[in-house]
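Worksheet: the structure to be examined is printed underneath.
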Amino acid sequence: MKAKFTLLAWFMRHGILQPGRTVTNQLAGRGQRFPPPEDLPARKLCPSKDMEGECPQEANGSHPEQREERPPTSDLAMDDGSCAGPVKTGETVITEGKAKIIFPSANEVFYNPVQEFNRDLTCAVITEFIRLQLSAKGIQIAVPGEEKIEKVVVDLSEGEEAGSEPAPDGEGAAQAMAVGEVCKEGVRILEALAASGLRSIRFAKEVPGLQAVVANDFSSKAVELMARNIQFNGVGHLVTSSLADARMLMYQQKAEKHPFDIIDLDPYGSPAIFLDAAVQAVSEGGLLCVTCTDMAVMAGNSGETCYSKYGAMSIKGKFCHEMALRIILHSLDLRANCYQRYIVPLLSVSADFYIRVFVRVFTGQATAKASASKQALLYNCVGCGTHHFQRLGKMTSHGSNFKYSAASGPPVGPSCEHCHQRHQLGGPMWAEPLHDQAFVQRVLSALGSNPGRFGTQDRIQGVLSMVTEELSDVPLYYTLDCLSSTIHCNTPSLLQFRSALLHAGYRVSLSHACKNAIKTDAPPSILWDIMRCWERLHPVKRERHTDTSPAFHILSVEPTGGISTSLQDKRKLYQNKRKERAEDRSHMKHSPCKRLKEGSSAGAEKCCPSPEAAPEALKTESPPQ
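Numbering-wise, the sequence shown is residues 4 to 628 according to our numbering.
Right, dumping it as structure tokens:
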């Protein structure tokens, strides 16, 4: 009996058992996984008079000191007469954005705090996507903290433009949906692999214009925790938890003709097995948000595995991060083409250890035929890193009609023309632009009008600003350290190399995927000409190069120039213009200095700008001898 009392007292002291409740009811209310009730006999602790001083209670049956230490909880998750709330012993509450998530101490449900940037970026992109979707229906959205812009109503019904005036609050005013409200004509979001439900709860608490959010997972423990977090944040009217295979859920919605407007795929590893269902279950013009964390596969360490998952061969190279983006876009478009659908990328980002793409999916048989001309094979030299693209298809226009045919190639010979090494063949991969510049600019403008909305907002704005400056029609990039290491010379600065390309008449930009990357429309021969000129200023010991090394073959060729004719004419026109002006002084004003007062010759030799005017002035103004 003494041992049983000691065990019960230990439970009460550690906050597991509340006074005034039986062990069985307490464990059932808290949901703890303890031994069966028969091993813990029911016994009340506090009704006895000798223990009333040790167990003071408030009116709600809780200890004052315990209630002060617990975080604020939702009333929906509290049992009658219980003060434990949804947070159990050993659990922690994590706050991200406007969501508060309960996490167990054991690693039962996956959570990665590093991907806060990913979730913040997703909320920003989805907000602008919903703004575009609902504006066509005459519905406006109200984002907390965003600068309000006065809406105007323009009456063009009679063919003449009427004066713009503020929209009234009554009839004709645009409907504005706030965060947390159910919008009947809003979008439906599916988070197929929700884990704790953090992303879905953030959608409900930070993104307006939502009709419903489905947070799905295949783990029963994850769905149980997800349901608690939905109650804990009070978003049960918007977010619904689901226990199902993500693929079966998406196929079911497709069969019931009830597609989702936005589908978010953020798996632990590769999303390849979910792509086929996702491109079918998304609505017309809907948004797919896909994350890939298997970068070792997509960056060239295992090309055959990459082909089995994404239908493309990855190769090693400094451009591996952008190549991974183009491979996942190729895979999405390939799967969509099976159902006469195609993708339009809105934003593609490489960050940290993963890549993230946002694409819209449309249906159109004619446009789907053009997908072959949007894919390309990659020829990459193993010696100097020079790369070339070979399109798979060719599309030619004949008036309003288009003709589709196979492309001609290859663009390279048996060996590299610069270093005489062999080529590796990679792809096929997406060869069209990675981003929709107009949409990215909309996201940037929205972030600028709402400072402090996200915890990683500065980084988001920096990445998106770099994205807007990228050359959209130039696939992949070169890196300065790779070019320099090929010929074993010092590395020029980004400013010097960019200036050389601009002076040669070519376009150049940086890349968000690599800090020392160069994207340019200049051919590889121009790049190596610039490096040859740089090597002359910073010579290397050529006697150390073997006859078969890439550096030997590249440096043995003299620079050919390659500057455009128009730029050469412009340079010739303005060449030595300063020298000519110094020699020809006919245009200068022949007058004495204004400091030279009439009747005085003091300081005339120092102030006079014209060597001829000064003696005449001195001669006329000097008194006769």
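For every residue, glycine included, the Cβ atom is placed at its ideal position computed from N, Cα and C. These numbers were taken from a predicted model, which means no experiment stands behind them.
- Where proline 553 is concerned, the enclosing alpha helix (DSSP H) starts and stops at 553-558.
- Within the same chain, Pro262, Phe263, Asp264, Ile265, Ile266, Arg363, Val364 come within 8 Å of glycine 289 by CB-CB distance, once the 5 residues on both sides are set aside.
- With a beta-carbon spacing of about 18 Å, proline 436 and leucine 380 fall beyond the 8 Å limit used to define contacts.
- As summarised for the segment 485-570, the continuous alpha helix (DSSP H) elements at least 4 residues long and confined to that stretch are 497-506, 527-540, 553-558, given in chain order.
- Separation of glycine 314 and leucine 395 (C-alpha to C-alpha, rounded to the nearest whole angstrom) is 14 Å.
- In the assembly as shown, glycine 429 is a buried residue. Its beta-carbon has 16 or more other beta-carbons within 10 Å.
- Below 8 Å, enough C-beta pairs join the segment 216-225 and the segment 245-253 to call them touching: three or more.
- Going by DSSP, arginine 445 is part of the alpha helix (DSSP H) stretching over 440-451.
- In this structure, the alpha-carbon of glutamate 99 lies about 21 Å from that of glutamate 131.
- Taking C-beta separations shorter than 7 Å and ignoring five residues to either side along the sequence, alanine 258 has no partners in its chain.
- One thing to note: tyrosine 480 has its Cβ no nearer than 8 Å to the Cβ of isoleucine 533.
- Secondary structure note for tyrosine 254: its alpha helix (DSSP H) is the uninterrupted segment 249-258.
- Bounds of any beta strand (DSSP E) do not take in aspartate 269, whose DSSP letter is neither H nor E.
- In the DSSP assignment, glycine 148 falls outside any beta strand (DSSP E) and carries neither an H nor an E.
- Exposed is the label assigned to phenylalanine 356, since fewer than 16 other Cβ atoms lie within 10 Å of its Cβ.
- One Cα belongs to threonine 471, the other to alanine 369, and the distance between them is close to 30 Å.
- For lysine 224, the secondary structure class from DSSP, reduced to helix, strand or coil, is helix.
- Put simply, the backbone Cα of serine 334 is about 24 Å away from that of lysine 406.
- In this structure, the CA atom of glutamine 283 is about 28 Å from the CA atom of alanine 302.
- For leucine 504, same chain residues with a beta-carbon under 6 Å away, outside a window of 5 residues either side, are Val511, Thr523, Ala525 in chain order.
- By the CB criterion at 8 Å, alanine 127 and alanine 181 fall outside the cutoff.
- For alanine 102, the enclosing beta strand (DSSP E) stretches over residues 102-106.
- If only complete runs of 3 or more residues are kept, the segment 309-380 shows the beta strand (DSSP E) at 344-354, 357-366, in order along the chain.
- With a contact defined as Cβ atoms closer than 8 Å, threonine 296 and glycine 320 miss out at about 20 Å.
- Using a 10 angstroms sphere on the CB of glutamate 561, the tally of other CB atoms stays under 16, which defines it as exposed.
- The beta carbon of glutamate 538 lies closer than 7 Å to those of Ile490, Cys492, Leu558 in the same chain, with the five residues before and after it left out.
- According to the DSSP assignment, valine 182 belongs to no alpha helix (DSSP H), since it is labelled neither H nor E.
- Here leucine 447 has Gln464, Leu467, Ser468, Thr471 as same chain residues with Cβ atoms under 8 Å from its own Cβ, once five neighbours each way along the sequence are excluded.
- Around the C-beta of proline 348, 16 or more other C-beta atoms lie within 10 Å, and the residue is accordingly described as buried.
- Apart from the 5 residues on each side of it in sequence, leucine 513 sits with its Cβ closer than 8 Å to the Cβ of Met469, Glu472, Glu473, Leu497, Ala520, Ile521, Lys522 in its chain, given in chain order.
- In this structure the segment 440-460 does not lie against the segment 408-417, because fewer than three pairs of beta carbons, one per stretch, are closer than 8 Å.
- Each of Glu209, Leu193, Leu530, Pro211 was checked against the Cα of glutamine 255, and the nearest Cα belongs to Leu193.
- Leaving aside the five residues that flank cysteine 419 on each side, the residues in its chain whose CB is nearer than 7 Å to its CB run, in chain order, Cys384, Gly386, Cys387, Thr389, His426.
- CA-to-CA, the gap between threonine 551 and leucine 252 works out to about 58 Å.
- For valine 293, DSSP records a beta bridge to Leu268, Val360.
- The residue among Glu325, Ser199, Phe277 with its C-alpha nearest the C-alpha of serine 475 is Glu325.
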